[in-house]
Amino acid sequence: MNDREATRSWQGLRMSSPPDPGALARERALLTQLASRPAAARIRGYFGLLGPGYLQSAMTLGGGTVSSALFAGAIFGYELLWVAPLAMALGLVMLSAVSWQTLSTGRRPWPAMREHAGPFFAWAWALGALLSSIIWQFPQYALASAVLVDMGDVVGLRNLSPVLTGGFVLAWALVVSGLYGRSERAVRVYERLLQTMVWGIVVCFAWVVFQTGVSDWDALFRGFFTFQVPGERNGVAAVTLVLSGVSAAVGVNMVFLYPYTLLARGWGREHRELSQVDLLLGMFVPYAIAVSLVVIATANTLHLDAAYQGTQLSPVEAARVLAEGVGPIAGRLVFGVGVLGMALSSITLQMLTCGFVAVELFGLCVGSWQHRLATWLPVPGVLGCVYWSDVAVWVAVPTNIVCGLFLPAAYAGFCLLQRSRAYLGEDRPTGAFGAAWLAAMLGVTLFLVSFLAWYVLGQLG
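Rendered as structure tokens:
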């Protein structure tokens, strides 16, 4: 078997357009050179290789994230700024383990989980990723369409039809998601596009924060480090925002997508440290910055608005309130572009997740027409532009419960893999560090189980 044929079935992941063996060899040589350098020099050398981590931040920066951040800032000001960094830090614990396992063994994670953790955990992981990626397309399309309609109003395009804006979003999503898997270059273009969108989101919200100004710098810094849940007023809302933020920062579909993007890149053992840096700089940093900026921008305006009672808040309403203080461009157009970027990135990555689930369940080849067709499974979500408000009540609650059950099951499966010598062999983390890592993974899993129990009991009560 020649190098090209070996790469075509990279670690069992069949690809119609696999990574170029020569490019991978040069990348490994670069990593070997960097390995002997100091940590700061290694990190600088990794910057040009980052990619999969940005897909994770782009995926989690969606409609649910921005809505929770807006609500937190409007009601509690700067007090809940600590939630987003902590939530993503907990996600880092699990995704770093997923990365270590995948790159150490070179095995596709779904069959590995089925074999070494059990079919229950593997199927819960795959089905949870598939269902959440399909169902949560509806609110993402509804958000993107509403923002486009509002932005059209700003620039003079009055009364745009939600059907028209929804069709535009769908066309964009089909074209962009279709890039992935066509060729190695297309994969890089897709990753660079998402990377640009992530930092574009950050820039948009940073501009709004700059325009609104910070009312109390001491309170802002305390908001990142107090780790307190306000209890005197709106206590239930505060607990809900904290728990939902921590549990939703890394979803079950994100956990499924991540290791397959590593394999599609052709990454292996030599990339293990790179993948950890990629998660830190590509996922944690932009996510924490973007969500914090949304909270700060809303705290600077709505939290100080006595007329706001905290009953409901949509991104479009928030943009209009911001416009009163900083002008129509910064308040509605710039803020709207940031929110739109969140929705568009989530839509395409949820489509990508469906494609990788189909790869495993049906043995498809990445980049084949069957694989690209599978990425279209969430397309009915475009109906959310018109019908989401009608179906949200009876879809959102059961979906939260069902998908909430699948995520702890997937996490438990990775905990079992982390301690499996049959799976990891000599790469199984041992000693005090290995025990602490596994304990952290178990702690995150138990927290999610506790949150699910609290959520279900709250709904029943």
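Using numbering that gives the first Met the number 0, you'd call the opening residue of the sequence shown number 0 and step up by one each time.
All residues carry an ideal CB built from backbone N, CA and C; glycine is no exception.
Close beta carbons around residue 19, own chain, < 7 Å, minus the five adjacent residues each side: 183
Cα-Cα separation between residue 252 and residue 54, rounded to whole angstroms: 12 Å
Simplified DSSP assignment, three categories, for residue 213: coil
Collapsed DSSP secondary structure at residue 154 in the structure displayed: coil
Assigned exposure category for residue 31 - 16 Cβ within 10 Å defines buried: exposed
With 16 other Cβ atoms within 10 Å as the buried cut-off, status of residue 65: buried
Alpha carbon of residue 336 to alpha carbon of residue 200, nearest angstrom: 7 Å
CB contact flag (residue 57, residue 404, <9 Å): no
Through-space distance from residue 78 to residue 219, alpha-carbon basis: 8 Å
Residue nearest to residue 89 in terms of C-alpha spacing, selected from 449, 450 and 443: 443
Per-residue burial, residue 277 [other beta carbons within 10 Å of its own, 16 or more giving buried]: buried
Within the stretch 6-89, ranges of the beta strand (DSSP E) (whole runs, at least 3 residues): none
C-alpha gap between residue 221 and residue 132, whole angstroms: 36 Å
Local Cβ density within 10 Å of residue 266, reported as buried at 16 or more and exposed below that: buried
Inter-residue spacing [alpha-carbon to alpha-carbon] between residue 193 and residue 115: 34 Å
Under 9 Å between C-beta atoms of residue 29 and residue 44: yes
For residue 421, the first and last residue of its enclosing alpha helix (DSSP H): 420-423
Residue nearest to residue 421 in terms of C-alpha spacing, selected from 106, 226 and 209: 106
Endpoints, the alpha helix (DSSP H) within which residue 285 is located: 284-300
Euclidean distance between Cα positions of residue 49 and residue 273: 8 Å
Euclidean distance between Cα positions of residue 211 and residue 299: 6 Å
Selection from 410, 440 and 446 that minimises the alpha carbon distance to residue 109: 410
Close-in-space but distant-in-sequence residues of the same chain around residue 169 (CB under 6 Å, 5 per side omitted): 381
Own chain partners of residue 258 with C-beta closer than 6 Å, once the 5 adjacent residues on each side are dropped: 97, 101 and 108
Buried versus exposed call for residue 425 [16 or more other C-beta atoms within 10 Å across all chains shown]: exposed
Residues near residue 452 in its chain [Cβ-Cβ closer than 7 Å; skip 5 each side]: none
Buried versus exposed call for residue 379 [16 or more other C-beta atoms within 10 Å across all chains shown]: exposed
Residue 265 (DSSP reduced to helix, strand or coil): coil
Beta-carbon spacing of residue 498, residue 207 below 9 Å: With the chain covering only 0 through 460, there is no way to say anything about residue 498.
Simplified DSSP state of residue 228, which is helix, strand or coil: coil
Proximal residues to residue 189 (C-beta, below 6 Å), its chain only, five neighbours per side dropped: 178 and 179
C-beta atoms of residue 320 and residue 301 nearer than 9 Å: yes
Whole-angstrom C-beta distance between residue 383 and residue 138, which should lie under 8 Å: 6 Å
Cβ neighbours of residue 269 in the same chain (closer than 6 Å, five flanking residues each side left out): 27 and 30
Closest residue to residue 87 among 294, 290 and 432 (Cα-Cα distance): 290
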